[in-house]
Amino acid sequence: MFKQLDFMAVGDMVTDAFIRLQDASVNCDVNRERCELCVPFAEKIPYEFVEIIKAVGNSANAAVSAARLGLSSALVSDIGNDQNGKDCVTELKRNHVSTRYVSFHRGMETNYHYVLWFEDERTILVKHQEYKYKFPGIKPPKWIYLSSLASNSFEYHLEIDAYLKKHPSVKLGFQPGTFQMKLGYEKLKELYVRTELFFCNVEEAKRILGIRNEHIEIKELLSKMHACGPRIVCITDGPKGAYAYDGTDAWFMPPYPDPKPPFERTGAGDAFASTVCAALALGKNLETALMWGPINSMSVVQQVGAQKGLLTQKALEEFLAKAPEDYKPKKM
Numbered sequence: 257m258f259k260q261l262d263f264m265a266v267g268d269m270v271t272d273a274f275i276r277l278q279d280a281s282v283n284c285d286v287n288r289e290r291c292e293l294c295v296p297f298a299e300k301i302p303y304e305f306v307e308i309i310k311a312v313g314n315s316a317n318a319a320v321s322a323a324r325l326g327l328s329s330a331l332v333s334d335i336g337n338d339q340n341g342k343d344c345v346t347e348l349k350r351n352h353v354s355t356r357y358v359s360f361h362r363g364m365e366t367n368y369h370y371v372l373w374f375e376d377e378r379t380i381l382v383k384h385q386e387y388k389y390k391f392p393g394i395k396p397p398k399w400i401y402l403s404s405l406a407s408n409s410f411e412y413h414l415e416i417d418a419y420l421k422k423h424p425s426v427k428l429g430f431q432p433g434t435f436q437m438k439l440g441y442e443k444l445k446e447l448y449v450r451t452e453l454f455f456c457n458v459e460e461a462k463r464i465l466g467i468r469n470e471h472i473e474i475k476e477l478l479s480k481m482h483a484c485g486p487r488i489v490c491i492t493d494g495p496k497g498a499y500a501y502d503g504t505d506a507w508f509m510p511p512y513p514d515p516k517p518p519f520e521r522t523g524a525g526d527a528f529a530s531t532v533c534a535a536l537a538l539g540k541n542l543e544t545a546l547m548w549g550p551i552n553s554m555s556v557v558q559q560v561g562a563q564k565g566l567l568t569q570k571a572l573e574e575f576l577a578k579a580p581e582d583y584k585p586k587k588m
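Residue numbers for the sequence shown follow our numbering, so the first one is 257 and each next one is one higher.
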């Protein structure tokens, strides 16, 4: 008998090689809106160590997050038929994520990114392989979580949209990646309208909406993003916290207090987004889901990479029980 999946993430998977730099500097403009990582040119640059982490990327991170929180989870992704791809599949299985819908492409490489890690931030050198995407015939899960795909994936998005139209009971979580934001709202309008739960950060929201340079209040940004179609919009603002709007009420969610300074920030946004989505999939209300998200973000930035710090539901609820009294969503 078919058992319906709780959570199916869709998007590219990658191996991250974290290179810990020691001889570098950061130069910023006056407003710190644009900063540059600087290293000596044409010299040998020492580094502390390299840590290689398999089976990551926005969607893979979300699939692992959902599995840790107790949902039945799977990943729809495309990889090469190299050893790197096989290792990624092994890592997903180790994290209890179904790999039934991971497609191998003969003669192609699996995505491999280099992460230049300096202090608690990272600069990522990315290269997405252009696979021939084809959405698999799958029994409808409760949730689909769509995120980053390569620049040749526009037609694939149309396939996903057609699948969602055919299965109206499936709820969509959408955390757009770089290419999806470059496509713009109009080309992906049907997906925005179909979205139950939408995630991006402040700068990404401005990019999607075509807002350049001018100041905009967060409530207006939430409203404009909501007008694009998603039923619930979540916009993060880094260590300042996050905001949510469901068309009626708007909330500010403060961050969970860090037990110590962040070690490495990769995956904090993925942890927040996937955890809020997983909480809703588990039947929690939005305000509770917003309290869950920052806890996983806090835990992730204490480790290297996007997945080591992802918590089980039991561990997350233990942190929640110890939260400060004012750790709750505040209506705006």
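Built from N, CA and C at the ideal position, the CB exists for glycine as well.
| Three-state class that DSSP yields for R463 in the structure shown | helix
| Using the C-alpha atoms, what's the distance from E386 back to E446? | 23 Å
| request: Taking R521 and V560 to be in contact with their CB atoms under 8 Å, please state how far apart those CB atoms are, rounded to whole angstroms. | output: Actually they are not in contact, since the Cβ atoms of R521 and V560 sit about 11 Å apart, beyond 8 Å.
| said: Which same chain residues end up closer than 6 Å to L536 when comparing Cβ atoms and leaving out the 5 residues on each side of it in sequence? | reply: If you ignore the 5 residues before and after L536, its C-beta comes within less than 6 Å of the C-beta of A545, all in its own chain and listed in chain order.
| Opposing strand residues paired with H471 [DSSP bridges] | In DSSP, H471 forms no bridge with anything.
| task | Check whether the stretch 265 to 275 touches the stretch 299 to 319, counting contact only when three or more Cβ pairs, one atom from each stretch, lie closer than 8 Å. | result | yes
| message | Quick check on the DSSP output: the beta strand (DSSP E) that includes I394 runs from which residue to which? | response | For I394, no beta strand (DSSP E) segment is defined, and its DSSP state is neither H nor E.
| task | Reducing DSSP to helix, strand and coil, say where H369 ends up. | result | strand
| query | What residues in its chain sit with their C-beta under 6 Å from that of A524, if we drop five residues either side in the sequence? | reply | S553, V556 and V557
| task | Determine the closest residue to K395 out of G341, V332 and D343, with distance taken between C-alpha atoms. | result | V332
| said: Once DSSP output is grouped into helix, strand and coil, what is the label at D505? | reply: DSSP, reduced to helix, strand and coil, places D505 outside both helices and strands of the structure shown, so it counts as coil.
| Distance between S530 and S403 (C-alpha atoms, nearest Å) | 11 Å
| If you run the structure through DSSP and keep just helix, strand and coil, what is T544? | helix
| Counting along the chain, where does the beta strand (DSSP E) carrying T271 start and finish? | V270 to L277
| task | Starting from the Cα of Q339, find the closest Cα among K310, V295 and R350 and give me that residue. | result | K310
| Uninterrupted alpha helix (DSSP H) stretches inside the stretch 285 to 356 (no shorter than 4 residues) | 314 to 324 and 339 to 350
| query | Roughly how many angstroms lie between the CA atoms of H482 and P515, to the nearest whole one? | reply | Computed Cα separation, rounded: 34 Å.
| said: With a threshold of 7 Å on Cβ separation, who are the neighbours of V358 within its own chain once the five nearest residues in sequence on each side are excluded? | reply: L331, S333, I335 and V345
| request: If I'm right that G497 touches P510 with Cβ under 8 Å, what's the distance once you round it to whole angstroms? | output: 5 Å
| task | Over the uninterrupted alpha helix (DSSP H) stretch that includes H413, give me the two end residues. | result | F410 to K422
| request: Measure the beta-carbon distance from I488 to F454 and round it to whole angstroms, keeping in mind my assumption that it falls under 8 Å. | output: Correct: roughly 7 Å between the Cβ atoms.
| task | Check whether the stretch 407 to 426 touches the stretch 269 to 288, taking contact to mean three or more Cβ pairs, one atom from each stretch, closer than 8 Å. | result | no
| task | Going by CA-CA distance only, name the one from V295, T366 and F508 that's closest to I491. | result | It is F508 whose Cα lies nearest to the Cα of I491.
| query | Any Cβ of chain D within less than 8 Å of the Cβ of T522? | reply | Given the protein chain composition of this structure (a single chain), no chain D is represented.
| said: Do K475 and M588 have their beta-carbon atoms positioned less than 8 Å apart in this structure? | reply: Yes; because the gap between Cβ atoms is below 8 Å, this pair is in contact.
| Terminal residues of the continuous alpha helix (DSSP H) containing P573? | Checking the sequence shown, residue 573 turns out to be Glu, not Pro. It spans Q569 to A577 - the alpha helix (DSSP H) in which E573 sits, taken as one unbroken run.
| Are three or more beta carbon pairs between the stretch 267 to 280 and the stretch 372 to 382 nearer than 8 Å? | The stretch 267 to 280 is in contact with the stretch 372 to 382.
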